[in-house]
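What follows is a short report on a single structure.
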Amino acid sequence: QDAVNFDQQCEIGKVVAFRRARVSDYGGKTLSASSGGTIIEPKVPETAQLQQWYSSNGGANMTAKSLSSSGGTGGRMDSFADRKVISDIKSQNLGMNSEKGDYLSFKGHFTFLRKSKEGGAWYTACPNPKDPCRNRCKVSQNTEGSWQCDRCSGTYATCDRKWIFSGIVTDATSSTWVSIFDEQATQMFNGATANDVFAEYSMNQDAYDGHFARANFTEWIFKCRVRNEMVNNEPRLKTQVVRMDPVNYVQESNDMLAALEKMKV
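Sequential numbering of the sequence shown, starting at 5, is according to my numbering.
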């Protein structure tokens, strides 16, 4: 609702400050802030400086550039001929020279899945399916047992759970740690959502472990984003799975035969 009414609260050209904003990497860089943390025309020197820049440099005529990673290069799976191998991440310095990161597609299989995260391999998400949360923003439980969302300022009796964990993917050339989020995890667990598995988590640990055991050593065509990020003031190369396709072995064989034909002299 705050987003819907924002245009009425703040005219174009006004300076807006966000206090205690939270940065997340889900689908690109995202800033989350509660309604109480939004300040229009803050009384600080930087406000006048921004307004002067906006007026003198034609800020009103500038085009906003989206930094979201959804769709575009990150959404498409590369062709067989354009695929890479895991060792290319290091040999080609992928993710090191681009703020948005680099994408690559490769065929590989899981060799390790980290399921031992405290409380389960998921996070608690806002159940609100509409903007600004869209069923993604993290919620915390208050002392009364309800779930509080800072993004939409809503309080809910229940929450949704979304998969989030890491694992190791391996091919013939190397291995790499990857981050796995809800959509891809549900796919690799044959449609089992984090909500489904949470219901059995406390009562049947073997069933919970079984989902990970069955998914381990399965083979997929991966689309990943590699990006250099600062973690505790230290640079760290992080690889995130953005898409997974089941291997079509008939198509793989045909593509390989076609590639061999092109190599003939």
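C-beta: ideal position from N, C-alpha, C; glycine also. Please read all numbers here as calculations on a predicted model, not as lab measurements.
(request) State the DSSP-derived secondary structure class of L98, mapped to helix, strand or coil. (result) Within the sequence shown, numbered from 1, the residue matching residue 98 stands at position 94. Three-state DSSP puts L98 in coil, outside helix and strand.
(message) Is the beta carbon of T115 closer than 8 Å to that of V182?
(response) Numbered from its first residue, the sequence shown carries residue 182 at position 178. Numbered from its first residue, the sequence shown carries residue 115 at position 111. Taking 8 Å as the Cβ cut-off, V182 and T115 do not qualify as a contacting pair.
(request) Compute the Euclidean distance between the alpha carbons of G76 and Y107, then round it to the nearest angstrom. (result) Within the sequence shown, residue 76 is the residue found at index 72, counting from 1. Within the sequence shown, residue 107 is the residue found at index 103, counting from 1. For G76, the pLDDT reaches just 38, beneath the cut-off of 50, and the residue's location in the model is therefore unreliable, although a value from the coordinates is still provided. Going from the Cα of G76 to the Cα of Y107 covers about 11 Å.
(request) Put F193 into one of helix, strand or coil per three-state DSSP. (result) Locating residue 193 in the sequence shown gives position 189, where the first residue counts as 1. In this structure, F193 counts as coil in the three-state DSSP scheme.
(request) Please name the residue, chosen from R165, T222, M234, that lies closest to E103 on a Cα-to-Cα basis. (result) As a first step, residue 103 must be located in the sequence shown, where it is residue number 99. Among R165, T222, M234, the Cα nearest to that of E103 belongs to M234.
(request) Return the CA-CA distance between K3 and S59, expressed in angstroms with no decimal places. (result) Absent from the model: residue 3. The displayed extent of the chain is 5 to 269, so no value can be given.
(request) Alpha carbon to alpha carbon, how far is R80 from V254? Give it in angstroms, no decimals. (result) Your numbering for residue 254 matches position 250 in the sequence shown. Your numbering for residue 80 matches position 76 in the sequence shown. Straight-line Cα distance between these residues: approximately 21 Å.
(request) Count the C-beta pairs between the region 255 to 263 and the region 117 to 132 that are closer than 8 Å, then say yes if the count reaches three, no if not. (result) no
(message) Buried or exposed, going by whether 16 or more other CB atoms sit within 10 Å of the CB of F185?
(response) Position 181 of the sequence shown, counted from the start, is the residue given in the question as residue 185. Buried: at least 16 other Cβ atoms inside 10 Å.
(request) Measure from the alpha carbon of V143 to the alpha carbon of each residue in D135, R165, G123, E122, then state which is nearest. (result) Within the sequence shown, residue 143 is the residue found at index 139, counting from 1. Residue R165 is the option with its Cα nearest to V143.
(request) Give the DSSP-derived three-state secondary structure of S176 in the structure shown. (result) Residue numbering aside, residue 176 sits at position 172 when the sequence shown is read from its first letter. Contrary to the premise, residue 176 reads as Ala rather than Ser in this sequence. DSSP places A176 in coil when its eight states are reduced to three.
(message) Closer than 8 Å is the cut-off here; do at least three beta carbon pairs connect the region 185 to 204 with the region 43 to 57?
(response) no
(request) Report the rounded CA-to-CA distance for M100 versus I93, giving the unit in angstroms. (result) Residue mapping note: residue 100 aligns to position 96 of the sequence shown, counting from 1. Residue mapping note: residue 93 aligns to position 89 of the sequence shown, counting from 1. Approximately 10 Å between the Cα atoms of the pair.
(message) Runs of 3 residues minimum, wholly inside the region 114 to 169: which ones carry the beta strand (DSSP E) assignment?
(response) 126 to 129
(message) If you reduce the DSSP assignment to three classes, tell me which class E103 lands in.
(response) Your numbering for residue 103 matches position 99 in the sequence shown. The answer is coil: DSSP assigns E103 none of H, G, I, E or B.
(request) Identify, in the order they occur along the chain, each residue of the same chain with its Cβ nearer than 6 Å to the Cβ of S2, setting aside the five sequence neighbours on each side. (result) This structure gives no information on residue 2, because the portion of the chain shown stretches from 5 to 269.
(message) Let me check understanding here. Comparing Cα to Cα, which of L241, K119, I225, N146 lies closest to N232?
(response) Here residue 232 refers to the residue found at position 228 of the sequence shown. For N232, the nearest C-alpha among the options comes from L241.
(request) Can you check DSSP and say which residues form a bridge with R229? (result) As a first step, residue 229 is located in the sequence shown; it is residue number 225 there, counting from the start. Looking at the DSSP assignment, R229 forms a beta bridge with Y107, Q244.
(message) Tell me which residues share the same chain as Y160 and place their Cβ nearer than 6 Å to its Cβ, disregarding the 5 neighbours each side in the sequence.
(response) As a first step, residue 160 must be located in the sequence shown, where it is residue number 156. Within the same chain, Y160 has close Cβ partners P131, W151.
(message) Taking the beta carbon of R118 as the centre, do at least 16 other beta carbons fall within 10 Å, making it buried, or is it exposed?
(response) Reading the sequence shown from its first residue, position 114 is the one you call residue 118. Under this definition R118 is an exposed residue.
(message) Tell me which residues share the same chain as A211 and place their Cβ nearer than 7 Å to its Cβ, disregarding the 5 neighbours each side in the sequence.
(response) Locating residue 211 in the sequence shown gives position 207, counting from the first residue. Counting only Cβ-Cβ distances below 7 Å, and skipping sequence neighbours, we find E204.
(request) Tell me whether T180 is buried or exposed, calling it buried when 16 or more other Cβ atoms sit within 10 Å of its Cβ. (result) The sequence position of residue 180 within the sequence shown is 176, counting from 1. Buried is the call here.
(request) Identify every residue that forms a DSSP beta bridge with S206. (result) Working through the sequence shown from its first residue, we reach residue 206 at position 202. S206 pairs with nothing; no bridge assigned.
(message) Below 8 Å on the Cβ atoms is my contact criterion, and I expect L98 with V245 to pass it. Report the Cβ-Cβ distance as a whole number of Å.
(response) Reading the sequence shown from its first residue, position 94 is the one you call residue 98. Reading the sequence shown from its first residue, position 241 is the one you call residue 245. The Cβ separation is near 15 Å, so there is no contact.
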